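Chemist: Have a look at this one before I ask anything.
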Amino acid sequence: MATPKPASGTEEDLLLERQLCFALAVASRTVIGAYKPVLRELKLTHPQYLVMLALWERNPRSVRELSDALLLEPATLSPLLKRLEALGYVTRRRAEGNERALAVGLTAEGTALRNKALGVPGAMLDRLGLTRQDAADLHASMTRLIGAAQSDVRAG
34 MATPKPASGT
44 EEDLLLERQL
54 CFALAVASRT
64 VIGAYKPVLR
74 ELKLTHPQYL
84 VMLALWERNP
94 RSVRELSDAL
104 LLEPATLSPL
114 LKRLEALGYV
124 TRRRAEGNER
134 ALAVGLTAEG
144 TALRNKALGV
154 PGAMLDRLGL
164 TRQDAADLHA
174 SMTRLIGAAQ
184 SDVRAG
């Protein structure tokens, strides 16, 4: 586990407004909250939207593949899949050749929902006042940050 380095900073380094973790937590809550009214039209929560995005990229997928793609534990994913199944967007079946694996696939309604979802990214750019380039730059920064945090966790 990484331990804090000896004091070499200033008092200002401990100000809440200077904390990366605080800015990320607030940004995450705020941006996800901004998605709510847009996703409500699709009858999706933000986590369900992420599952649907993964399935629109590749369908069907095992629960393990979805878990890996979304960086979610299968136990966290299971209730999301049940709700998506109840909405008629996905099916859950035992995978052929592996009775222990669960395959998740899109229904016709789930596939059709993709056309409605095509408007979500543009709507969110408008809501957040961002250009596509702004979003790409933020995404690149967040991806680097995630990679650095994951390698630190693996090293620890």
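Residue numbering for the sequence shown follows my numbering, beginning at 34 and increasing consecutively.
Glycine is no exception: its CB is placed at the ideal position from the N, C-alpha and C atoms.
Note that the structure is predicted; figures quoted are calculated from it, not measured.
Tell me the DSSP bridge mates of residue 184?
Modeler: Paired residues: none, contrary to the question.
Chemist: Closer than 8 Å by C-beta to residue 165: which residues in its own chain qualify, once you throw out the five before and the five after it? Chain order, please.
Modeler: 158
Chemist: Just reading off the beta strand (DSSP E) that residue 92 is part of, what are its end residues?
Modeler: It is not in any beta strand (DSSP E) - residue 92 carries neither H nor E in the DSSP assignment.
Chemist: Measure the alpha-carbon distance for residue 125 versus residue 63 and round it to whole angstroms.
Modeler: 32 Å
Chemist: Could you name the residues that DSSP lists as bridge partners for residue 139?
Modeler: 123
Chemist: Do residue 156 and residue 75 have their C-beta atoms within less than 8 Å of each other?
Modeler: no
Chemist: Whose C-alpha, out of 154, 181, 174 and 163, is nearest the C-alpha of residue 69?
Modeler: From the listed residues 154, 181, 174 and 163, the smallest Cα separation to residue 69 is found for 154.
Chemist: Confirm, please, whether the CB-CB distance from residue 139 to residue 128 is below 8 Å.
Modeler: no
Chemist: Can you tell me whether DSSP reads residue 129 as helix, strand or coil?
Modeler: coil
Chemist: Pull up the distance between the alpha-carbon of residue 53 and that of residue 85, whole angstroms please.
Modeler: 30 Å
Chemist: Are the beta-carbon atoms belonging to residue 119 and residue 102 less than 8 Å from one another?
Modeler: no
Chemist: Would residue 122 and residue 99 qualify as a contact pair, given that the criterion is a beta-carbon distance under 8 Å?
Modeler: no
Chemist: So, is residue 81 buried or exposed, given that buried needs 16 or more other C-beta atoms within 10 angstroms?
Modeler: buried
Chemist: So residue 69 is in the alpha helix (DSSP H); what residue range does that whole segment cover?
Modeler: 53-73
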